[in-house]
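Residue numbers (my numbering): 89 to 277.
Idealized CB from N, CA, C, for every residue including glycine.
Fair warning: this is a prediction, and the values are worked out from it, not measured in the lab.
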Ligand code: HEM
Ligand code: HEM
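Here it is, written out as structure tokens:
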């Protein structure tokens, strides 16, 4: 599985496009989620920010699902020269966790909307109604999923901060091609 010689020396363009699209969506949704849940904002504005958050959140779920399925089939590039087996395993572990959370966070959000007794429909950008998951509605369940969604979302933020810091460390300190490869360059530096 972890053979160091096999595989291409670059990421495919679809892998790269999906990586940065998901990154922008997730970081944007965390900022929007934080802002819209502050108590001090105007209720009408808050309602529309919630609708935007749900639309972009469902888009993030769809793109993350495509990204996850694609990653199962895409060839894994071989590790950059100078990466130890332990570093390679740690990177893979982090990537698997991020794949998982990129699905779990929007699913937990979908659960909030689904179990809420307010029964506010979830529109995809005002185009069509996204059905709610077939689960029992209750205030207790809504409170539980709201907490789960927030905890998982801020966990993603912390892990992404670490993930991005390691990428910058490779670029500026180790001076290898780990970051350049995710920007579409070949694996030599
Ligand atoms: C990757 C996608 C998503 C991310 C990163 C994300 C992130 C966040 C964050 C950071 C908050 C604020 C938590 C807090 O400070 O209390 C939040 C709140 C919320 N999100 Fe998401 N979210 C995503 C997807 C979704 C989806 C798909 C839905 C529903 C369809 C959704 C529904 C909600 C709702 C209803 C709240 C407000 C909960 C409350 O009443 O406090 N989110 N989200
Ligand atoms: C601004 C922030 C980000 C930077 C600078 C960044 C950078 C990178 C780099 C350089 C790689 C390649 C690592 C390698 O070749 O071993 C990578 C891979 C990866 N990143 Fe990020 N990333 C960011 C945000 C995110 C976010 C938000 C996610 C959330 C899901 C994420 C998930 C992943 C995954 C799953 C991989 C593995 C790709 C694969 O093997 O197909 N990244 N990232």
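Check, Outcome
"Per-residue DSSP class, three states only, for residue 273", "coil"
"CB contact flag (residue 155, residue 112, <7 Å)", "no"
"Distance cut-off 6 Å: residue 146 Cβ against heavy atoms of ligand 1", "yes"
"DSSP three-state assignment for residue 199, whether helix, strand or coil", "helix"
"Nearest neighbour of residue 179, chosen from 165, 232 and 191 [CA to CA]", "165"
"Host beta strand (DSSP E) of residue 217 (start-end)", "216-218"
"Stretch-stretch touch, CB-based, cutoff 8 Å, three pairs: the stretch 228-242 with the stretch 95-106", "no"
"Residue of 247, 170, 263 and 270 minimising C-alpha distance to residue 187", "247"
"Burial state of residue 208 (16 or more Cβ within 10 Å)", "exposed"
"Residue from 172, 222, 256 and 114 whose Cα sits closest to the Cα of residue 241", "114"
"Short Cβ contact (7 Å threshold) for residue 143 with residue 212", "yes"
"Alpha-carbon spacing of residue 95 relative to residue 108, whole angstroms", "22 Å"
"Beta-carbon proximity of residue 137 to residue 124, cut-off 7 Å", "yes"
"Residue 198: CB within 6 Å of a non-hydrogen atom of ligand 1", "yes"
"Extent of the continuous beta strand (DSSP E) run through residue 125", "Residue 125 -> no beta strand (DSSP E), and no H or E assigned at all."
"Where residue 205 sits in the DSSP three-state scheme", "coil"
"Cβ shell of residue 263 (< 6 Å), same chain only, five flanking positions each side left out", "none"
"Limits of the unbroken beta strand (DSSP E) element including residue 212", "210-212"
"Residue from 157, 182 and 128 with nearest C-alpha to residue 253", "182"
"Element boundaries [alpha helix (DSSP H), containing residue 289]", "Residue coverage of the chain in this structure runs from 89 to 277, which leaves residue 289 outside it and unanswerable."
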